[in-house]
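Number of protein chains: 2
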Amino acid sequence: MPRQANRTGAGTSTGASKGAGKRAVTVTDIARAAGVSRATVSLVLRGSPLVHADTRARVHAELQRQRYVYNRAAANLRRRTSTIVALVINDLSNPFFAEFAAGVDEALGEQGYVTLLGNTGESPQRQQAVLASLMEHAPAGLILSPAEHSEAAQLRAVVGVGSHVLLFNREPAGQPWDFLALDNAHGAQLATAHLIALGHRDIAFFGGHADSSSCQQRRAGYAAAMAAAGMEVQGRRMIECAPNRPEAAAQAQALFAGADRPTAAVCYNDNVALGLMLGLAARGIQPGRDFSVTGFDDIPEAALSTPALTTLAVDPRARGRQAAQLLLQRIAAPEASPARSIAPVVLRVRQSSAPPPF
Amino acid sequence: MPRQANRTGAGTSTGASKGAGKRAVTVTDIARAAGVSRATVSLVLRGSPLVHADTRARVHAELQRQRYVYNRAAANLRRRTSTIVALVINDLSNPFFAEFAAGVDEALGEQGYVTLLGNTGESPQRQQAVLASLMEHAPAGLILSPAEHSEAAQLRAVVGVGSHVLLFNREPAGQPWDFLALDNAHGAQLATAHLIALGHRDIAFFGGHADSSSCQQRRAGYAAAMAAAGMEVQGRRMIECAPNRPEAAAQAQALFAGADRPTAAVCYNDNVALGLMLGLAARGIQPGRDFSVTGFDDIPEAALSTPALTTLAVDPRARGRQAAQLLLQRIAAPEASPARSIAPVVLRVRQSSAPPPF
DNA sequence: CTGAAAGCGCTTACAG
DNA sequence: CTGAAAGCGCTTACAG
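Here the protein sequences line up with chains D and F, keeping their order.
Every number in this note's numbering is 73 more than the matching position in the first sequence, counting from 1.
Every number in this note's numbering is 73 more than the matching position in the second sequence, counting from 1.
#1: Is it a yes or a no for the segment 197-211 of chain F touching the segment 168-180 of chain F, going by three-plus beta-carbon pairs under 8 Å?
#2: Compare the C-beta of Glu432 (chain F) with all C-beta atoms of chain D and state if any pair is closer than 8 Å.
#3: So with CB distances below 7 Å, who are the chain F contacts of Met350 (chain D)?
#4: Going along chain F in order, which residues have a C-beta closer than 7 Å to the C-beta of Arg145 (chain D)?
#5: Quick check: Phe173 (chain F) and Pro389 (chain F), are their CB atoms within less than 8 Å of each other?
#6: Rounded to a whole number of angstroms, what is the C-alpha to C-alpha distance between Glu66 (chain F) and Arg151 (chain D)?
#7: Between the segment 264-274 of chain F and the segment 415-431 of chain F, do three or more beta carbon pairs fall short of 8 Å?
#8: What does a CB cutoff of less than 7 Å around Arg145 (chain F) pick up in its chain, not counting 5 residues either side in sequence?
#9: Any beta carbon from chain F within less than 8 Å of Ala175 (chain D)'s own beta carbon?
#10: Closest to Gly260 (chain D) by C-alpha separation, out of D:Ala225, D:Val142, D:Asp343, D:Ala323, would be which residue?
#11: Report the option in F:Met350, F:Ser223, F:Val387, F:Phe329 whose CA atom is closest to the CA atom of Pro319 (chain F).
#12: Who are Met311 (chain D)'s beta bridge partners in DSSP?
#13: So, is Ser166 (chain D) buried or exposed, given that buried needs 16 or more other C-beta atoms within 10 angstroms?
#14: Residues of chain D with a CB under 8 Å from the CB of Val161 (chain F): which are they?
#15: Give me the Cα-Cα distance between Gln359 (chain D) and Gly393 (chain F), rounded to the nearest whole angstrom.
#16: Output the distance between the C-alpha atoms of Ser115 (chain F) and Thr154 (chain F), rounded to the nearest integer angstrom.
#17: Taking 8 Å as the CB-CB cut-off, is Asn317 (chain D) touching chain F?
#18: Would you kindly work out how many angstroms separate the C-alpha atoms of Ala297 (chain F) and Leu347 (chain D), rounded to a whole number?
#19: Counting only C-beta atoms, is Asp178 (chain D) closer than 8 Å to chain F at any point?
#20: Hey, which unbroken runs of the alpha helix (DSSP H) at 4 residues or more fall wholly within the segment 103-161 of chain D?
#21: So which of D:Ala412, D:Ser285, D:Phe279 has the shortest CA-CA distance to Gln307 (chain D)?
#22: Bridge partners of Ile415 (chain F), per DSSP?
#23: Going by other Cβ atoms of all chains shown within 10 Å of its Cβ, with 16 needed for buried, is Thr193 (chain D) buried or exposed?
#24: For a contact meaning CB atoms closer than 9 Å, what does Asn342 (chain D) contact in chain F?
#25: Considering Leu189 (chain F), what are the terminal residues of the beta strand (DSSP E) in which it resides?
#26: I need the DSSP call for Arg421 (chain D), collapsed to helix, strand or coil.
#27: Is the beta carbon of Pro197 (chain D) closer than 8 Å to that of Ser223 (chain D)?
#28: What did DSSP end up calling Thr336 (chain D) once you bin it into helix, strand or coil?
#29: Can you have a look at Gly214 (chain D) and say buried or exposed, based on whether 16 or more other CB atoms are within 10 angstroms of its CB?
#30: Counting Cβ pairs, one atom from each stretch, are 3 or more of them under 8 Å apart for the segment 395-415 of chain D and the segment 362-369 of chain D?
#31: I want to see whether chain D comes within less than 8 Å of Ala130 (chain F), judged by CB atoms only; does it?
#32: Between Phe169 (chain F) and Asp251 (chain F), what straight-line distance do the alpha-carbon atoms span, to the nearest angstrom?
#33: Please list the residues of the segment 266-280 of chain D that have a C-beta atom closer than 8 Å to any C-beta atom in chain F, keeping them in chain order.
#34: Residues in its own chain within less than 7 Å of Leu136 (chain D) by CB, not counting five upstream and five downstream?
#35: From this set, F:Pro417, F:Leu253, F:Ala332, which residue's C-alpha is nearest Ile216 (chain F)'s C-alpha?
#36: In the DSSP output, what is Pro360 (chain F) paired with across the bridge?
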């Protein structure tokens, strides 16, 4: 249903128009000038072999001369297709998702699709509005990295039952949509096993919200690695905090509340780890020497912090490309059953993790 | 002219379709079910007061029942308007531009427009391809942050003479397009004056490529502040380097090549400043104590580095919103003469700048 | 190999 | 207040 734009007087000239107010050059203009029918021009445009070489050359010359710009929206309408893919991101100012978006756009562009962007800023309300607006452009499909606390039923309502959807990173509920996620459990397991191999025995899991699925998965990987090494996980070693630096810095004290202290922490992500390291330094504890820390994401800063952060690389650009590919597969095979894809993560060992001090 | 997508079989069902392969609900379906004409449905959709309240209610009910989704592309075609704005970014993985894009999308969304995204990764070739592809969707306008070494004539050729364009950040040449830029000169002047006020006398300008317009402007601001304080600018104090951290760290030695050394450096941007600080630390020079450094951009890391970086805040999200507004003004007033807008920058003083050591 | 005709989903004068 | 008709720019059978 139409929204705000009704009264905004959204531009009167299109990008294809030759001068402000002037009409765009159309196939009709080209046909007339080249002395052929519109059908023939259309065939030339679409590269059909049916058209005689001479005719084709004549039409091409005319196309050039009049600076014709193809109107793909009109073509899509007539053909009942779409070359638009909607990309809705929960937080574009997060470099991880910006990089992901760049990957999506890159891969889509290579296949002749175009990216219609929406950013929700983690607001489910904005997400509904953004989705409603983008769906009106009849995208061939949707790549959605859901806002926190998205509700599956709401998404379904605005997205419709027939659309092709790929969910990234978070999965609101039991909707039969394709899903691409990082291997959270395995990543946390790798980090934990690495710390154990260095000699750590008392290891905390630090940061994240326990009700988020990614946090749960990372905690599970941590617990699995601990169990595999015959070590027990204690509730007081699971410390929640919002996934940002200031919060993490402030929560550092929670690690040292009891009589005995852990010697290392597997952090929910890099921002948490970086914040924790600041908090540690503020208490005179030198990360990478007195206390080991690992992150998750391998954001650009991880390699540049002091000490450099041991973390899990997830290659967000490659994830974006993968998401685009998965969606295009879905579009090509609408009836295939929903796919769940898990992207690999790789451990990058740096100075923030070291053997425990004695 | 159509490109790659021809053979990709871009999806057959639209986002609006109710089931894979099924046709979308149209105004015709609603009209039939509600017992009115398509014209009446259209009037209801567009909120016309001409329709009787009862009729309107009946149509609305039917719209709901059949889960009608407006096809804005069709409406735009018929009305010869567009609610699409193309946004082409030189480097989306740079947090500054990601934030800018978020601002653009936010402001456009509020006005009922939708963002068609393209990322060029600083490649003029990709930029041409991306622009050509996006222009085929007949956007109401284009916001372009040009790739390095873009050529105005090329841009003009692919964008056409009638389109509404707002350039951000870099201005390829004398095309009569609207332009939004940061106040580079004033920013560098503020930073330089700040260092002078602290007592520095021998100040370098560090980083950037001398052939880029933003670097030239920042150097000019630096020179102006020096001149205003009656100090001379020496060529050997203008040090070039690529605007990234590793390069800047490696170039640190250039500051100390001669017999006398500067006591401070105004850096081209934050990445350069952060890299320089690493390079200084590696030489045993403690930034913020032995040597003062300023940046440009106020990226999130600037406040979190050790020492925290004195820099110029440019608020990229606000710049994005501003860019959107300027473009919409242009669309509303196509004949107004081209506007040049300069966005303010504000100095943020932190620990990386201090009085010179004696 | 080329053209006339119909139609994608919508909107807009124009009658009534 | 409502409907019949034309048309946005394109494509696709269908004849020839």
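Glycine is no exception: its CB is placed at the ideal position from the N, C-alpha and C atoms.
Judging by the given coordinates:
#1: no
#2: Past the boundaries of the shown model lies residue 432 (chain F); chain F is included only from 74 to 431, so the question cannot be answered.
#3: None at all; the shortest Cβ gap to chain F is about 10 Å.
#4: Glu209, His210
#5: yes
#6: In this structure chain F extends from 74 to 431, so residue 66 (chain F) is not present and cannot be described.
#7: yes
#8: Thr156
#9: yes
#10: D:Asp343
#11: F:Met350
#12: DSSP links Met311 (chain D) through a beta bridge to D:Phe278.
#13: buried
#14: Within chain D, no residue comes near Val161 (chain F); the closest Cβ sits about 10 Å away, beyond 8 Å.
#15: So the two alpha carbons sit approximately 40 Å from each other.
#16: 16 Å
#17: no
#18: 39 Å
#19: yes
#20: 111-118, 126-138, 145-152
#21: Selected option, being the one with the closest Cα: D:Phe279.
#22: F:Ala254
#23: Label assigned to Thr193 (chain D): buried.
#24: The contacting residues do not exist; Asn342 (chain D) stays about 15 Å from chain F at best.
#25: 187-192
#26: strand
#27: yes
#28: coil
#29: Buried, because 16 or more other Cβ atoms sit within 10 Å of the Cβ of Gly214 (chain D).
#30: no
#31: no
#32: If you take the alpha carbons of Phe169 (chain F) and Asp251 (chain F), they lie about 21 Å apart.
#33: none
#34: Ile103
#35: F:Leu253
#36: F:Phe364
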